[in-house]
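Each residue of the sequence shown is one higher than the last, beginning at 819 in our numbering.
Structure first, then comments.
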Amino acid sequence: MATSYELKTYRRRHDTCLYWRKGRVPSKGDFVTQKTCCSAAVSSSNNGATTSAGAVESTLLDANLLSLLEAVQAGRLQPEAAALQLRERSAGYQQVLDFAQVDSWRAQRTGFPEVVLGAGKSAEQIAAIMQQLAKNDQVAMATRVEPQVSEQVQALLPDVVYNAPGRILTLRATGVRKQPRLPGTVAIISSGTSDELVAEECRATADVMGCYCFRLSDVSVDGLHRILHNLPAVRAADVVVVISGTDGALPAVVAGLVEAPVIAVPTSVGYGAALQGLTPLLSALTASSPGVSVVNIDNGFGAGMLAARILRTAAKLRAQAAAATAASAYPNAG
819 MATSYELKTY RRRHDTCLYW RKGRVPSKGD FVTQKTCCSA AVSSSNNGAT
869 TSAGAVESTL LDANLLSLLE AVQAGRLQPE AAALQLRERS AGYQQVLDFA
919 QVDSWRAQRT GFPEVVLGAG KSAEQIAAIM QQLAKNDQVA MATRVEPQVS
969 EQVQALLPDV VYNAPGRILT LRATGVRKQP RLPGTVAIIS SGTSDELVAE
1019 ECRATADVMG CYCFRLSDVS VDGLHRILHN LPAVRAADVV VVISGTDGAL
1069 PAVVAGLVEA PVIAVPTSVG YGAALQGLTP LLSALTASSP GVSVVNIDNG
1119 FGAGMLAARI LRTAAKLRAQ AAAATAASAY PNAG
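And the structure:
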């Protein structure tokens, strides 16, 4: 059962500080400066700013370290085994058999765990790496996994879930639910049904990373009324991903209609002079609408990760602003 924590804001010297502890007065070691606060949804109250245990664990605490200590406390893990895991993590990487070195600090550095590229790897390699990643980060993901390989991985790891349209495998540590949702919405727009693989790879990636997404399919520029009909929903999104092959005109059109950041994903769909995605790539790079960011051809994964980074950064700024507001409202708190 998760421990209940309280997140409070205090003004110490000239910094707005946050601390968490259960049932005692904070000491110097309890303070975390505003700069290190991540995506906690901080709400003001008469006693300061509070948030749920889940939000604290996903922001101020290393959730993996906390779960490791709780496992030792509950008797589910021997202290020696916990010490071994801590020693492995302190090196910054972990050797997986003779073919991989897992980056154990990736989530701490970037906010998101390492992801396995399944293409070119055997089922045994994918399973071993995912198992180690799930142990480290509580969730593991592998992209570009073909159906026959996914069946072999599932035979080795029965808890693995396969998203066939996106060709993505996910594995969560026992008892771990989905990552808490980041505030905000990602709209994923694809110009044709042939872009389904890329669009679903983008959606599944963003979903695993904590984003709420909605899809809008088959809205190419030759039937512009289809996107105009759904424009209110698209304009309500905080990030818009536009996936388009052939002429690649859709990202520029959408960017001229919305305020949110637009991520263009050119695809290899198209005939002849589409040049396996080169034409829509150049079209997106030379878009007349300013502010369009572009990822590589067919890179739905990269677009999903960029969308998650944008939402995470926005959440961090909201939390910092809320903490500063709460601290200024209660300058003498504590």
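Don't be surprised by glycine CBs; every beta carbon is placed ideally from N, CA and C.
Values in this document were obtained by computation on a predicted structure and should not be read as measured data.
For Asn1117, the closest of Ala937, Pro1084, Asp1056 by C-alpha to C-alpha distance is Pro1084. When the Cα atoms are used, Val1080 and Ala1102 turn out to be separated by approximately 11 angstroms. In this structure, Arg1130 places its C-beta atom within 8 angstroms of the C-beta atom of Gly929.
With fewer than 16 neighbouring CB atoms inside 10 Å of its own CB, Leu935 falls in the exposed class. By alpha-carbon distance to Leu886, the top candidate from Ala925, Ala945, Val933, Asn954 is Asn954. The beta carbons of Ile1115 and Leu1100 sit about 11 angstroms from each other, so the pair does not count as a contact at 8 angstroms.
Rounded to the nearest angstrom, the gap between the Cα atoms of Pro1108 and Val1060 is 15 angstroms. Residue range 1057 to 1062 is occupied by the beta strand (DSSP E) that includes Ile1061. In the same chain as Ala1139, and ignoring 5 residues on each side of it, no C-beta atom comes closer than 6 angstroms to its own. Around the beta carbon of Asp1013, 16 or more other beta carbons sit within 10 angstroms, so the residue counts as buried. Leu1135 counts as exposed, since fewer than 16 other beta carbons sit within 10 angstroms of its beta carbon.
Within its own chain, the residues whose Cβ lies closer than 6 angstroms to the Cβ of Gln970, once the five positions on either side in sequence are excluded, are Ala941, listed in chain order. If the five residues before and after Val933 are omitted, its C-beta is found closer than 6 angstroms to the C-beta atoms of Met959, all from its own chain and listed in chain order. In this structure, Ala1125 is the residue among Ala1145, Ala1142, Ala1125 with its C-alpha nearest to the C-alpha of Pro1001. Val1058 sits buried, since 16 or more C-beta atoms from the chains shown fall within 10 Å of its C-beta.
Leaving aside the five residues that flank Ala1051 on each side, the residues in its chain whose CB is nearer than 8 angstroms to its CB run, in chain order, Ala1005, Phe1032, Leu1034.
Of the candidates Asp1025, Pro965, Ser968, Pro983, Asp1025 places its Cα closest to the Cα of Val957.
According to the DSSP assignment, Thr961 belongs to the beta strand (DSSP E) that extends over 957 to 961.
Taking Ile1045 as the centre and dropping the five residues before and after it, the same chain places the C-beta of Val1037 closer than 6 angstroms to its C-beta, in chain order. Closest in C-alpha terms to Arg990, from the list Arg999, Asp977, Ala982, Cys1020, comes Asp977. In this structure, the alpha-carbon of Ile986 lies about 12 angstroms from that of Ile944. Excluding sequence positions up to five before and after Glu1019, its CB lies within less than 6 angstroms of the CB of Gly984, Gly1118, Phe1119, all in the same chain and listed in chain order. Going by beta carbons, Arg999 and Gly1028 fall inside the 8 angstroms limit.
By the CB criterion at 8 angstroms, Ser1086 and Gly1063 fall inside the cutoff. Within the same chain, Ile947 come within 6 angstroms of Ala918 by CB-CB distance, once the 5 residues on both sides are set aside. Scanning Gln1094, Val1110, Thr961 for the CA closest to the CA of Glu1077 turns up Val1110. In this structure, Asp1056 sits away from Ala1133, with a CB-CB distance that is not shorter than 8 angstroms.
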